[in-house]
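Novice: Under our numbering, the first residue of the sequence shown is numbered 5, with each subsequent residue one higher. A virtual CB, placed ideally from N, CA and C, is assigned to each residue, including glycine. Mind looking over this structure? Questions follow.
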Amino acid sequence: MSAHHDGSRTVSLVEAAQILGVHYMTAYRYVRTGRLAAELDGRVWRVRQDHLDAFRQPRTAAAPRRAAPAARLVERLIAGDEAGCWRIIEDSLAAGASPSSIHLDVLAPALRAVGDGWHEGRVSIADEHRATSTTRRLIARLGPHFARPGRKRGVVVVGAVEGEWHDIPIALVADQIRGAGFSVVELGANTPVDSFVEAARRERPLAVLITVTTTGRDAMVRTTAARLHDEGATVIIGGAAVTAERRARSLGSDEWPGNDGRRVVELLERLHGARSTAVN
């Protein structure tokens with residue numbers, strides 16, 4: 005902390021981000037979009053303490069109602085407008101949304117809406133593919149926001165079985181897990197059983213997470229889970245096609261994560277805590 009020229013105290017933008025409890029890039033967006041006043045001191049952005057205190061106060065003034073980011077994103081995804089999609093995401097980040105929330109509360113609902121539109125005949129297959137490709141690029145751009153420095157809390161293997169081609173759910177949950185401080189081995193979609201087994205042998209992971217998005221692959225999921233159990237691995241099975249604990253257990257899941265990235269992270273944290281306690 006240092007003194008400003010008018011006598012007020014200042015903090016660096018890194019310190020301001022820590023005080024606000026947000027990623028540095030989110031704090032930088034506050035500055036770039038004019039929501040938080042800052043001055044460049046050499047190569048370091050500095051924020052006056054009184055400006056930071058004012059920024060932290062709850063906003064009570066009425067603001068014009070605007071469509072939710074997920075709803076606005078749907079149209080841009082269908083159009084394949086990556087730049088327009090990214091502006092919506094940046095606006096959400098600047099408004100205080102976490103990268104995790106962007107994944108779970110903006111991208112995922114928007115994708116579901118596109119999928120529903122395709123099933124109902126309102127969205128063409130070409131538009132659905134365009135939206136999916138655009139989403140992959142957005143996830144890649146968001147990826148660095150989930151990087152967490154320091155020692156990792158354990159390894160988690162994530163993938164989908166052979167014949168399951170949906171890779172976006174894998175990428176979304178993998179980033180959630182990385183953001184919680186775990187190391188992730190991301191196998192991707194259409195992964196053969198032997199590849200799961202090899203990863204389990206090599207990494208000795210905290211858990212192996214199998215995502216199941218479509219029906220019709222139950223036999224392969226059960227075979228993969230059984231082979232992983234033979235290696236002593238903890239298997240977690242979840243996704244859009246696993247909507248109840250009974251179904252997850254029938255497929256060979258040791259735990260029930262639900263179809264929610266936040267619950268997956270909570271489950272992994274519990275497993276990590278139990279393993280740490282057992283080691284100590």
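If you draw a straight line from the C-alpha of L275 to the C-alpha of P73, how long is it?
Specialist: Working through the sequence shown from its first residue, we reach residue 275 at position 271. Working through the sequence shown from its first residue, we reach residue 73 at position 69. Computed Cα separation, rounded: 34 Å.
Novice: How far does the beta strand (DSSP E) with A211 in it extend, from its first residue to its last?
Specialist: Mapped onto the sequence shown, residue 211 falls at position 207. That run of the beta strand (DSSP E) goes 211–215.
Novice: Which whole-angstrom value describes the C-beta separation of I82 and A135, a residue pair presumed to lie in contact below a C-beta threshold of 8 Å?
Specialist: As a first step, residue 82 must be located in the sequence shown, where it is residue number 78. As a first step, residue 135 must be located in the sequence shown, where it is residue number 131. Indeed, because the Cβ distance is near 5 Å, the residues count as touching under 8 Å.
Novice: Restricting to Cα atoms, I'd like to know which of G46, A230, I214, D234 is closest to A245.
Specialist: Mapped onto the sequence shown, residue 245 falls at position 241. Taking only the C-alpha atoms, the option nearest A245 is I214.
Novice: I'd like to check one pair, L146 with P103: are the Cβ atoms closer than 9 Å?
Specialist: If you number the sequence shown from 1, residue 103 lands on position 99. If you number the sequence shown from 1, residue 146 lands on position 142. Inclusion of P103 and L146 in the CB contact set at 9 Å is warranted, their separation being smaller than that value.
Novice: Cutting at 7 Å between CB atoms, please list the residues of its own chain near V188, excluding the five before and the five after it.
Specialist: Taking the first residue of the sequence shown as 1, we reach residue 188 at position 184. Closer than 7 Å at the Cβ level, and outside the excluded window around V188, lie V160, V162, A178, I181, R182.
Novice: Applying the criterion that 16 or more other CB atoms from any shown protein chain within 10 Å of the CB defines a buried residue, is S12 buried or exposed?
Specialist: The residue you call residue 12 lines up with position 8 of the sequence shown. Per the 10 Å Cβ criterion, exposed.
Novice: Is the stretch 245–261 touching the stretch 91–109 in the sense that three or more CB pairs, one from each, lie closer than 8 Å?
Specialist: no
Novice: Flag this pair as touching only if the stretch 192–199 and the stretch 166–176 have three or more C-beta atom pairs under 8 Å; answer yes or no.
Specialist: yes
Novice: Using beta-carbon positions only, say whether L24 and A42 come within less than 9 Å of one another.
Specialist: Here the question's residue 24 lines up with position 20 in the sequence shown. Here the question's residue 42 lines up with position 38 in the sequence shown. Cβ distance not < 9 Å, so L24 and A42 don't count as in contact.
Novice: Whose C-beta lies closer than 7 Å to the C-beta of A101 among residues of the same chain, with five residues either side of it excluded?
Specialist: Against the sequence shown, residue 101 aligns to sequence position 97. Once the five neighbours on either side are set aside, A101 has no close Cβ partner at all.
Novice: Can you name the start and end residues of the alpha helix (DSSP H) that S137 belongs to?
Specialist: Stepping through the sequence shown from its first residue, residue 137 is reached at position 133. Its alpha helix (DSSP H) spans residues 129–146.
Novice: For R226, which of A282, E86, P148, V165 has the nearest alpha-carbon?
Specialist: Indexing the sequence shown from 1 puts residue 226 at position 222. Relative to R226, the option among A282, E86, P148, V165 whose CA is nearest is V165.
Novice: Quick check on the DSSP output: what are the complete alpha helix (DSSP H) runs of length 4 or more inside the stretch 232–264, in order along the chain?
Specialist: 249–255, all fully within the stretch 232–264.
Novice: To the nearest angstrom, report how far apart T219 and G243 are at their CA atoms.
Specialist: Translated into the one-based positions of the sequence shown, residue 219 becomes position 215. Translated into the one-based positions of the sequence shown, residue 243 becomes position 239. Distance between the alpha carbons of T219 and G243 is about 11 Å.
Novice: If you run the structure through DSSP and keep just helix, strand and coil, what is E168?
Specialist: Position 164 of the sequence shown, counted from the first residue, corresponds to residue 168. Three-state DSSP puts E168 in coil, outside helix and strand.
Novice: Could you pull out every residue in the same chain whose Cβ sits closer than 6 Å to the Cβ of A67, ignoring the five residues on either side in sequence?
Specialist: In the sequence shown, the residue the question calls residue 67 occupies position 63. Any answer about A67 is weak, because its pLDDT of 44 lies below 50 and its placement is not dependable; what the coordinates show is given next. Around A67, the same chain offers no residue with a beta carbon nearer than 6 Å, after the five sequence neighbours per side are excluded.
Novice: Check this for me: beta carbons of V110 and I93, under 9 Å apart or not?
Specialist: The residue given as residue 110 occupies position 106 in the sequence shown. The residue given as residue 93 occupies position 89 in the sequence shown. Contact flag set, yes.
Novice: Taking the alpha-carbon positions, what's the P209 to D234 distance?
Specialist: In the sequence shown, the residue the question calls residue 209 occupies position 205. In the sequence shown, the residue the question calls residue 234 occupies position 230. About 14 Å.
Novice: Whose C-alpha, out of E249, A203, L56, V268, is nearest the C-alpha of R231?
Specialist: Walking along the sequence shown from the start, residue 231 turns up at place 227. Nearest C-alpha to R231: A203.
Novice: Quick one: what's E43 bridged to in DSSP?
Specialist: Within the sequence shown, residue 43 is the residue found at index 39, counting from 1. Its beta-bridge partners are R50.
Novice: Starting from T14, follow the beta strand (DSSP E) in both directions and report where the run begins and ends.
Specialist: One-based indexing of the sequence shown puts residue 14 at position 10. Note, T14: beta strand (DSSP E), 13–16.
Novice: First and last residue of the alpha helix (DSSP H) that includes T30?
Specialist: Looking up residue 30 in the sequence shown gives position 26. Note, T30: alpha helix (DSSP H), 28–36.
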